[in-house]
Structure formats: structure tokens, C-alpha cells
Amino acid sequence: MNNTIISICREYCSGGKEIGKKVSDELGYTFLDKQLITEAAKKSGYDESVFEKVDEVATNSLLYSLVLGTYGANAAGAMPDNDKLFGLQAEIIRDTAKEKNCVVIGRCADYVLREEPHLIKIFLKADMDFRVERFRSLYTTPEGKKPEDIINKTDKKRASYYKFYTGNLWKDMNNYDLVINTGKVGIDNAVATIIDYVRKYDYVK
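Going by the working numbering, the letters in the sequence shown line up with residues 12 to 216, in that order.
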């Protein structure tokens with residue numbers, strides 16, 4: 012495989028989806044985010060809403076080993092929805108990366124494609140004030156809840172998900188090629204930084 016893949020891990024409300032989409036549009040790459048759920052639902056025959064509830068949420072089961080080859084295909088029916096979704100998304104990510112340059116948001120893509128030579132692993136972070144402001148601009152805060160609590164809870168879920176399926180620490184910056192504080196540089200500068208990084212290292216074809 013000689014395609015370039017940009018994987019983006021991101022703190023909640025640090026701008027990952029917006030940045031990833033802008034990067035993919037600028038470079039002409041395929042963008043993979045929520046549509047992975049749609050494609051996984053099509054492949055499995057499950058209703059999309061089932062997978063939406065467990066997207067990027069770790070399971071308590073170890074049956075996810077099916078996707079790593081530990082279990083036979085007949086075990087699929089016993090797998091929790093979390094593990095089915097992870098396995099299907101991993102399959103879609105691999106298949107897409109074989110055919111096209113792409114930007115993938117979350118879903119442990121940096122781990123799924125870890126053997127690929129043209130994989131660029133990015134982590135986006137931001138201070139809490141920036142993320143709270145962004146949360147309020149994008150979502151309605153549920154009654155009786157604070158944006159900070161929702162942000163922290165989502166980050167904990169992502170960290171648990173990443174640890175469960177990869178065995179690695181989500182916020183270990185040594186896992187990434189490029190770490191950007193979007194709260195300091197802003198969304199557009201983050202986009203420009205990623206594009207410059209990709210072009211500088213001759214990945215753009």
C-alpha cells in the first residue's frame with residue numbers, strides 16, 4: 012500500500028471533525044468519520060441506531076479478538092455490538108486505505124493501520140476554556156449538566172476505548188507524529204499545519 016493515511020485522535024470539542032474535513036477537502040482525500048457507522052450497518056444488517064449508541068465505546072468483553080483473528084467467523088453472532096462495530100470499522104478503514112488516500116477521525120485508525128509506511132498520526136488537544144466555548148457553539152447543554160463534565164466524560168470514554176482495543180494510552184504523545192493545541196493555534200492554522208506537514212514530507216501524490 013502506497014496511499015497516504017492521516018489518522019486524527021482528538022480531545023472532545025478540540026475541532027477534530029472540522030479540521031479533518033478541511034484537510035481532506037484541501038488534499039482531495041477521502042474523509043472517514045460518522046459514515047463508518049453507516050457503512051458498518053450496511054455490512055452487518057444492523058440498524059444504524061444500534062451502532063450509533065456504541066461508537067467509540069469500549070466493551071467489557073474480550074470477544075473483539077475476532078477481528079484480530081483469535082476467534083473463528085462463527086463467533087461473530089456472540090459478539091457485543093461494540094466489538095462488531097469496531098471490527099467492521101477496522102475492515103472498512105483497511106479497505107479504504109488500500110484504495111485511496113484518506114483522513115480518518117478516531118476509531119483507533121492509528122493502531123488499525125500501524126504497519127502502513129505512509130500513515131501520519133495526529134493528536135489534537137485544547138485547553139478546557141476553548142473546548143467549553145466550542146461545545147456551547149455546537150450543542151445545547153442538557154439541563155442540570157455542565158459542559159466541562161460532558162467533555163471530561165467523553166474524553167474518559169475515548170481513552171478507555173483506545174486502551175481496550177489497542178493496549179496503548181490515548182494521551183501518550185509518543186504515539187503520534189504531530190500534536191497540535193488547537194486552542195492556541197486555532198482551527199484554520201491547525202489545518203494549515205497538517206497540510207504543510209504532509210506536503211513537506213512528500214506524502215502528497
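The beta carbon of each residue, even a glycine, is placed where N, CA and C say it ideally should be.
As the structure is a prediction and not an experimental result, all values here were calculated from the model.
- Residue burial is scored here from C-beta neighbours: Gly-178 has fewer than 16 other C-beta atoms within 10 angstroms and is therefore classed as exposed.
- For Lys-156, no beta strand (DSSP E) run applies, since DSSP gives it neither H nor E.
- In the DSSP annotation of this structure, the continuous segment of the beta strand (DSSP E) that includes Ser-18 starts and ends at 16-21.
- Of the residues assessed, Glu-110 falls on the exposed side of the cut-off, its CB having fewer than 16 other CB atoms within 10 angstroms.
- By the beta-carbon neighbour count (other beta carbons within 10 angstroms, threshold 16), Asn-13 is exposed.
- Within the same chain, Cβ atoms closer than 6 Å to the Cβ of Val-114 are found at Ile-17, Gly-31, Val-34, Ser-35, Tyr-40, Phe-42, the five residues on either side in sequence being excluded.
- DSSP places Leu-189 within a strand segment (E or B) once states are collapsed to three.
- Along the length of the stretch 98-131, whole beta strand (DSSP E) runs at least 3 residues long occupy 113-116, reported in chain order.
- Remark: C-beta atoms of Lys-132 and Asn-186 approach each other more closely than 8 Å.
- Arg-142 places its beta carbon less than 8 Å from that of Ile-162.
- The beta-bridge partner set that DSSP reports for Lys-182 is empty.
- With a contact defined as Cβ atoms closer than 8 Å, Ile-206 and Glu-22 miss out at about 21 Å.
- A straight-line Cα-Cα distance of about 11 Å links Thr-204 and Asn-192.
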